[in-house]
Amino acid sequence: MCLVAFAIGASARWPLLIAANRDEFLERPTLPLARWNTASGQEIISGRDLRAGGTWMGITPAGRIAFLTNVREAQPEAAPRSRGELVTRWLESAGDAASFVAALEDKGAAFGGFNLVLGDLRQKAWTWVTNKYEGAPALHAQALAPGLYGLSNAGLDTPWPKTLELKRVLAAALQSGDGPEGLQKLWTALDSRQRALPAELPHTGVPPELEEALSSAFVEVPGRGYGTRCSTVLLATASGSDWDVELEERTHGREGPAAVVVHREQFSIKAP
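Going by this note's numbering, the letters in the sequence shown line up with residues 5 to 276, in that order.
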């Protein structure tokens, strides 16, 4: 993914709320949100990258969850392994984040730059992991307290305009308590083509015109065959002794809004 805002434990009614856009080359083969089983038999609810076999965001029926964004670099080093593998590996594992990161410690350089968020709804445990932390020789892992966070193609909570705006809309949705209306505002924010002003653009090393094209929440770079492929909202609602988890993914076709296809999944887990 390339843009995500998420709130963990910030609302008694909604213990988890995630809004995200996945940007990717349009020709990269992908399957939409669905339930599927890994080779080990683990059921995962996610979209799938058919080229490398991983995913950018997924959750298990038991409430184990992970999502990632790429770290933008002007000249990224060749990486032999797909970042999407990290998400599926977490969803298939049973240990805690510390054990997962320890096992990954000497393998971080095998992946392109990434931000990875590891979560477990039942354990109320969340961790941000990156292999591009300034000053860190290898992986950097940081436990996340309850709160609201944003990620794009830089470090956690880097104040890029589109990240700040999506966080603002997410916070407003939580505070309003108005489910349908608040969620619709999230979809509107994810669909925004508003680009940042030149003075607000980050300097990641890519050409200025590309930096500008990538500065909107919904990305369209037709000359490079690249853009926002899908938008996703995940909501966990407290309901008695359960949490009701709902996912909606809107897959975007090349023909514009008329080509959007909606996929939904829902399930319940016991509240921690």
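Think of the CB as a built atom: it goes at the ideal place given N, C-alpha and C, for glycine as much as any other residue.
Here the structure is a predicted model, which is why all the values come from computation and not from measurement.
Could you compute how far the alpha carbon of residue i sits from the alpha carbon of residue j?
i: K171; j: A221; result: 12 Å
i: D161; j: Y230; result: 24 Å
i: L108; j: T64; result: 21 Å
i: D124; j: T34; result: 26 Å
i: R32; j: R39; result: 20 Å
i: E215; j: T167; result: 14 Å
i: R68; j: A98; result: 9 Å
i: A189; j: E213; result: According to the sequence displayed, residue 189 carries Lys and not Ala. Straight-line Cα distance between these residues: approximately 28 Å.
Buried or exposed, going by whether 16 or more other CB atoms sit within 10 Å of the CB of residue i?
i: G186; result: buried
i: G227; result: exposed
i: E81; result: exposed
i: D27; result: buried
i: A3; result: This structure does not reach residue 3, given that the chain is present from 5 up to 276, and the question cannot be answered.
i: G278; result: With the chain represented from 5 up to 276, any question about residue 278 goes unanswered, as that position is not in the structure.
i: H256; result: buried
i: G51; result: buried
i: A217; result: buried
i: F29; result: exposed
i: R268; result: exposed
i: E169; result: buried
i: S15; result: buried
i: T42; result: exposed
Using C-beta distances below 8 Å, list every residue in its chain close to residue i, excluding the 5 sequence neighbours before and after it, in chain order.
i: G88; result: D53, A56, G57, G58, T59, W60 and L72
i: V105; result: T131, V133, L143 and A145
i: G151; result: A11, I12, G13 and A14
Could you tell me how far apart the beta carbons of residue i and residue j are, in whole angstroms, since I believe they sit closer than 8 Å?
i: L174; j: A70; result: Not really, about 19 Å apart at Cβ, beyond 8 Å.
i: A83; j: G62; result: The Cβ separation is near 20 Å, so there is no contact.
i: R76; j: V223; result: That pair is no contact at about 12 Å.
i: L37; j: A24; result: L37 to A24, Cβ: 12 Å. No contact.
i: A158; j: P206; result: 7 Å
i: V249; j: S272; result: 7 Å
Apart from the five residues just before and just after residue i, which ones in its own chain have a Cβ nearer than 6 Å to its Cβ?
i: V266; result: R254
i: T131; result: A101, L122, A145 and A147
i: K128; result: P276
i: L120; result: L72, L90 and V133
i: A263; result: G257
i: R197; result: S220 and F222
i: R126; result: G67 and P276
Quick check: does the Cβ of residue i come within less than 6 Å of any heavy atom belonging to the ligand HEM?
i: V105; result: This structure does not include the ligand HEM; it has no bound ligands of any sort.
Which residues in the same chain as residue i place their Cβ atom closer than 7 Å to its Cβ, once the five residues preceding and following it in sequence are excluded?
i: P165; result: A200, E204 and S219
For chain C, find out if any of its Cβ atoms is closer than 7 Å to the Cβ of residue i; answer yes or no.
i: E89; result: No chain C is part of this structure, which consists of one protein chain only.
Please determine if the segment 231-241 and the segment 14-26 are in contact, where contact requires at least 3 C-beta pairs separated by less than 8 Å. yes
Quick check: the segment 35-49 against the segment 79-96, are at least 3 beta-carbon pairs closer than 8 Å? yes
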